[in-house]
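For the sequence shown, counting from 1, position 539 maps to 539 in full-length UniProt numbering; every step adds exactly one.
Heads up, the beta-carbon is just placed ideally off N, CA and C, and yes, glycines get one too.
A short write-up of the structure that comes next.
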Amino acid sequence: MTPRPAAWLAAPRADAGMHLLADNGEWIRTSYPDLAAAALRAAAGLAGLGVGRDDVVCLVMPTEIRSVTAIYAVWAAGATIAPLAPPLFDAPDAYVELLRGILVQARPKVVLTIAAYESLVTTAVERAGIETVISTPDALEQAPAGPLPADPEQSAVALLQFTSGSTGTPRGVRVTWDNLTANFGALDEFARIGFHGGFASWLPLHHDMGLIGALLFPIGRQLDLWLMRPDQFVRDPARWLECFTPGKARHAACPTFGLAYVVRRVKPARLATLDLSAMRAVVVGAEHVDPEVLHRFDEFVRSAGVTENVVYPAYGLAENTVAVTTRSYGQEQRLVRLDPQAVRFGAPAPILATAELDDVDGAGNWLAGHGMPSPDTGIGVEIRGEDATALPDGHIGEIVVSGSSVAAGYHGGDSDCDTFRDGRLWTGDAGFVHGGDLYVLGRMGTSLKVNGRSVYAEDLDTRIAAETGIARRKLATVAVTEAGRPGVVVFAATAPGTWAQDTYLLLRKEFGTTVDVTVVAGPPAMILRTSSGKPRRRMMWQQWQAGELPGRRVEPIEAHA
């Protein structure tokens, strides 16, 4: 039977714990009994503030021992956690506005933060116009203690997971206790990889992969955990690699851009001092998985004692708690290459070649296989066509997920009808199944991830309208992935003009050169809509690909310079 996520609080192991990297370069160990005791003390302080069943507590904290303590303190008090991004790189006004929007939705009983963030949090609370208590870990220690429930699982929702770094209006995913338990069970099944050693993570704790996959799961299983802040990883990624020396961590999760950063920044002389022979598995997700980066990282760590392929592309999303599938331990990492000009929704995938990661360098628009979940995970994956009927293996359609890991919808019910329906999760991702592997092509018109950040097409519509003066109803932005690269196509029902250059400049400022930008001008009939008036972004992209949509591409001025 899969243990519940907070069950360890009642019986913590003294021989395991967390190792947190301090600014002086030392690893500070906290045993699980000490972590549990600190969490229960803080929980009593929260209870003294009136926190209990079905209350939400927002956490605005950096990666530190107090933030981990706070997560379990909220649960021990019987409430719901809502970890939010701390103000690391955002401009203060932009961060306050983002936080304000989340607070309006979450309506927290308490916002837990640290003294350094308290002013920004206070401003966001005032702008949100909500009644809440702003507190700090130090203040909780002074608060009158309240009684704690015998069972932490008092609230229907364990976690309110706001989509990571989304532009515009954020979306909160309602993750229940049963969702977490089921997904932990699925991760246990993925334990064919061998989750019986320590974990290492630098991922932010407000992100689903960093929070659930790389923090709550190893702590819930009372495995040793080596934890760094993201900025510590950026300054010295070799410190993350040092976690995999024998006797320490064996497993990790990391987005593709993190692996590329390691290979680029860690010098051969530094790598030569490391013994990475204990590294067993690095689960790669959170954004498009680039086989070329997988290959480079695989070769990189093999020069330091790794003897097998340790990269495991994974498909997951917050709406399914976190994990959907990854390849099984011992299975070769398979790749396919498609004809990008022949990719059509509902049609067979135009596979030009197949290979294994060890046989190619990854370059050349290869796609990485993500395995398929076994029945024991309780997760089902199928491919559905435009009319929602199931498609056979090898056909391109929408990835649809079912099972007990599927979350309980979005907070407030926004957009539930499109994403959560018929007991399934309609991911909005295009993909296909081939040879026992799920291959993910990318978003089908509603959002995309760039460096782990979710960007929603609806929000881009709003920003482009504000920048150009074009009425929002005349715009439809489509997020796509072609040949492994993220892209944005802006359809505007108007004549070509200076607005097109303004649009290019806006999106270049937003994404740099990491996202391909296309601008299309055309007649009003170009903007296809549902009966309720919503843009049919997916259909517009498909018709544009097929040359069936009226309109013409407007080139940026710099393209002709």
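In this structure the segment 77-94 lies against the segment 56-65, because at least three pairs of beta carbons, one per stretch, are closer than 8 Å. Annotated three-state conformation of Arg-485 is strand, per DSSP. Around Trp-202, the same chain offers Met-228, Pro-230, Phe-233 and Trp-240 as residues with beta carbons nearer than 6 Å, after the five sequence neighbours per side are excluded. Taking the CA atoms as reference points, Leu-46 sits about 44 Å from Leu-294.
Distance from the CA of Trp-541 to the CA of Asp-178, rounded to the nearest whole angstrom, comes to 37 Å.
The segment 47-104 is shown to contain whole alpha helix (DSSP H) runs of 4 or more residues at 65-76, in chain order. Taking C-beta atoms as the reference points, Ile-114 and Arg-66 count as a pair closer than 9 Å.
Between the C-alpha atoms of Ala-116 and Pro-87 there is a straight-line separation of about 10 Å.
Given a length threshold of 4 residues, each whole run of the alpha helix (DSSP H) inside the segment 385-445 is given here in chain order: 416-419. With a cutoff of 9 Å on beta-carbon distance, Gly-25 and Ile-102 are scored as not near each other. About 5 Å separates the Cβ atoms of Val-433 and Asp-393, confirming a contact at the 8 Å cut-off. In the structure shown, Trp-177 adopts helical secondary structure according to DSSP, grouped into three states. Ala-252 sits close to Val-283, with the two beta carbons spaced by under 9 Å. DSSP places Leu-338 in the uninterrupted beta strand (DSSP E) bounded by 334-338.
In this structure, the CA atom of Ser-31 is about 11 Å from the CA atom of Ala-38. Sequence-distant partners of Tyr-410 (beyond 5 residues in either direction) whose C-beta falls short of 8 Å from its own C-beta, in its chain, are Arg-171, Gly-172, Val-173, Arg-174, Asp-416, Thr-419 and Phe-420.
Between Asp-461 and Leu-475, the C-beta gap is smaller than 9 Å, which places the two residues in contact. Looking from the CA of Ala-521, the closest CA among Pro-496, Thr-389 and Val-111 belongs to Pro-496. With fewer than three CB-CB distances shorter than 8 Å, the segment 343-353 does not count as touching the segment 287-307. In this structure, Leu-507 lies near Val-490, with their beta-carbon atoms less than 9 Å apart. In the structure shown, the three-state DSSP call for Tyr-329 is coil.
Looking at the backbone, the Cα of Leu-148 and that of Ser-135 are separated by about 19 Å.
Going by C-alpha positions, Val-488 is about 11 Å away from Arg-443. Beta-carbon to beta-carbon, Glu-356 and Leu-335 are separated by about 7 Å, close enough to satisfy the 8 Å threshold.
A residue is called buried when at least 16 other Cβ atoms come within 10 angstroms of its Cβ; Asp-151 does not meet this threshold and is exposed. It is roughly 11 Å from the alpha-carbon of Leu-187 to the alpha-carbon of Ser-374. The C-beta distance from Val-51 to Val-110 rounds to 6 Å, short enough to meet the 8 Å contact threshold.
The beta carbons of Asn-320 and Val-440 sit about 13 Å from each other, so the pair does not count as a contact at 8 Å.
Distance from the CA of Val-322 to the CA of Gly-403, rounded to the nearest whole angstrom, comes to 13 Å. Residue pairing by DSSP places Ile-134 opposite Val-111 in a beta bridge. For the 9 Å CB-CB criterion, Gly-423 and Gly-397 do not form a contact.
Taking each of Ala-6, Gly-435, Asp-236 and Arg-250 in turn and checking the Cα distance to Leu-180, the smallest one comes out for Ala-6.
The straight-line gap separating the alpha-carbon atoms of Ala-145 and Val-133 is approximately 16 Å.
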